[in-house]
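Let me begin by presenting the structure, written as structure tokens, before commenting on it.
There are 2 protein chains.
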Amino acid sequence: MSAAHRREEGTRHILDRIGDRWTVLIVVALRDGSVRFSELRRRVEGISQKMLTQTLRGLERDGIVRRTVYPEVPVRVEYTLTEAGRTLCEPLSALEEWSIAHLGDVSAAQESYDRAHRPPADSTDRDK
Amino acid sequence: MSAAHRREEGTRHILDRIGDRWTVLIVVALRDGSVRFSELRRRVEGISQKMLTQTLRGLERDGIVRRTVYPEVPVRVEYTLTEAGRTLCEPLSALEEWSIAHLGDVSAAQESYDRAHRPPADSTDRDK
DNA sequence: CGGCATCCGGGAGGATACTG
DNA sequence: CAGTATCCTCCCGGATGCCG
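One line per chain: the protein sequences are A and L, in this order.
Counted the way my numbering counts, the first sequence spans residues 1240 to 1367.
Counted the way my numbering counts, the second sequence spans residues 1240 to 1367.
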């Protein structure tokens, strides 16, 4: 198997991980330290309880986050990035930075594209 | 609206773009220069004609790729990364590098996790 | 060759209710 | 509080057929 092939295989696998929109958001939400489940749910905002649990399980399984249970009266569960998780955080943050930096460009490009490809019911359109 | 909020908005938008597994693969496939439609289809490998077209339209609309039509006898269409596309390529490549570097770690973590959480029908399991 | 239109099945993921 | 379980809907994306 060629190096290029293995390269593609690896890319595929990670893409399937970050493919769902939640993974990246959760990882960056954990960037600053341990976060409880409910707090995490508030930070990501928009995620359902189901998807949060599900995505966290996947990340834990992949060794990206660590799950710690404190058997107190109301159970407390904290999630933290593992060492691997922190290294993953860097490219993810780069992606985030790019998105912030190019938001305007993308919006402008979209409008331009839409104007060029969507002649919106022109009144001079008499040759129907 | 706070800066943190705009930050999140931007992240969301980009994540929705790279959310589908194809965008990243297409962008990296265009990393080295102009590529024709059919060649692109071969490089990404696994993508359907529909998704290739659809994803390319989205990327073109966002100003990530440029579409050039050469009105020759059999029509020739070439896709190229725009300047914005090339800058996006960097964080994407970083992500790719990470995935290659941590493939082993992730696999090991998965196996470990599965062993810990999936007591696979142990024969010593007598306290049923 | 490089698309677009249509049909359709499977799975992602939301809402809700219950548990430890 | 932090989940698990169930149902149910929507739409992603593949297959197919036709056009310029």
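All residues carry an ideal CB built from backbone N, CA and C; glycine is no exception.
With distances taken Cα to Cα, identify the nearest neighbour of residue i among the options.
i          : options                                        : result
Tyr-1352/A : Gly-1285/L, Ser-1346/L, Arg-1296/L, Gly-1272/L : Arg-1296/L
Ile-1257/L : Ala-1348/L, Ser-1287/L, Leu-1327/L, Ala-1355/L : Leu-1327/L
Val-1267/L : Tyr-1318/L, Ser-1287/L, Thr-1250/L, Pro-1313/L : Tyr-1318/L
Ile-1303/A : Gly-1302/L, Ala-1347/L, Ile-1286/L             : Ala-1347/L
Arg-1280/L : Arg-1306/L, Arg-1325/L, Thr-1292/L             : Thr-1292/L
Arg-1251/A : Leu-1264/L, Ser-1332/L, Glu-1278/L             : Leu-1264/L
Trp-1337/L : Ser-1332/A, Thr-1294/A, Leu-1269/A             : Ser-1332/A
Ser-1287/L : Val-1312/L, Arg-1260/L, Thr-1307/L, His-1244/L : Arg-1260/L
Can you give me the start and stop residues for the alpha helix (DSSP H) that residue i sits inside?
i          : result
Arg-1296/L : 1288-1300
Ser-1346/A : 1342-1356
Leu-1264/A : 1260-1268
Can you look up residue i in the DSSP assignment and give me helix, strand or coil?
i          : result
Thr-1307/A : strand
Val-1314/A : coil
Leu-1334/L : helix
Thr-1319/L : strand
Arg-1275/A : strand
Glu-1329/L : helix
Gly-1285/L : coil
Less than 8 angstroms between the C-beta atoms of residue i and residue j, yes or no?
i          : j          : result
Leu-1298/L : Thr-1262/L : yes
Arg-1275/L : Val-1316/L : yes
Pro-1330/L : Pro-1330/A : yes
Asp-1344/A : Ala-1242/L : no
Leu-1254/A : Ile-1253/L : no
Gln-1349/L : Arg-1325/A : no
(message) To be precise: take each residue of the region 1300-1319 of chain A, compare its Cβ to all Cβ atoms of chain L, and keep it if any distance is under 9 angstroms. Which residues remain?
(response) Arg-1300, Asp-1301, Gly-1302, Ile-1303
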